[in-house]
Amino acid sequence: EIFDMLLATASRFRMLKLKPEEFVCLKAIILLNSGAFSFCTGTMEPLHDSAAVQSMLDTITDALIHHISQSGFSVREQARRQAQLLLLLSHIRHMSNKGMEHLYSMKCKNKVPLYDLLLEMLDAHRLHRPVKSSQSLSQAERSPPSSSSS
Numbered sequence: 001e002i003f004d005m006l007l008a009t010a011s012r013f014r015m016l017k018l019k020p021e022e023f024v025c026l027k028a029i030i031l032l033n034s035g036a037f038s039f040c041t042g043t044m045e046p047l048h049d050s051a052a053v054q055s056m057l058d059t060i061t062d063a064l065i066h067h068i069s070q071s072g073f074s075v076r077e078q079a080r081r082q083a084q085l086l087l088l089l090s091h092i093r094h095m096s097n098k099g100m101e102h103l104y105s106m107k108c109k110n111k112v113p114l115y116d117l118l119l120e121m122l123d124a125h126r127l128h129r130p131v132k133s134s135q136s137l138s139q140a141e142r143s144p145p146s147s148s149s150s
């Protein structure tokens with residue numbers, strides 16, 4: 001299922017003839033929307049709603065729109081391309097979540113030995129979801145992730 005989703009998304013990229021500049025903008029939008037920057041604060045408060053992250057998202061979106069406007073397409077085609085590119089984001093996010101779920105279930109079932117780094121990444125993804133304050137973290141979340149991969 002995940003492989004089919006990946007192939008379909010890659011096929012969509014090829015069909016749209018995704019340009020490197022558009023790809024970079026989409027990657028940046030995905031990263032900023034991922035909540036990854038919640039790790040940067042000591043309070044573990046989510047930054048995905050902060051003004052700084054929103055400003056960066058606006059700037060990247062403006063850059064994407066500007067790049068599309070320089071493509072020589074009509075205004076209607078520009079709007080359509082922008083919509084097509086932004087619609088890809090939900091597919092990419094869904095694919096990412098499915099992949100993480102699959103790897104996490106493999107880890108829990110000890111079906112496949114995974115490298116310590118991958119285990120730490122999975123644990124960090126599960127344990128460091130944004131919470132209201134660092135005091136609300138449970139003791140289990142504060143302990144270092146297990147790196148056994150039997």
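Going by full-length UniProt numbering, the letters in the sequence shown line up with residues 1 to 150, in that order. The beta-carbon is built from N, C-alpha and C at its ideal position, and this holds for glycine as well.
Leu-6 versus Gln-54 - alpha carbon distance | 28 Å
Within 10 angstroms of its Cβ, does Lys-107 collect 16 or more other Cβ (buried), or is it exposed?
-> buried
Rounded to whole angstroms, how far is the Cβ of Ile-68 from the Cβ of Ile-30, which I believe are closer than 8 Å?
-> Contact flag wrong, Cβ pair sits at about 18 Å.
Host alpha helix (DSSP H) of Lys-110 (start-end) = Here residue 110 turns out to be Asn, not Lys, going by the sequence shown. Careful: Asn-110 lies outside any alpha helix (DSSP H) and carries neither H nor E.
Does the Cβ-Cβ distance between Leu-32 and Leu-85 come in under 8 Å?
-> no
Taking 8 Å as the cut-off, decide whether the C-beta atoms of His-64 and Glu-22 are in contact.
-> Reading the sequence as shown, one finds Leu at residue 64 and not His. It is a contact, given that the beta carbons lie within the stated cut-off.
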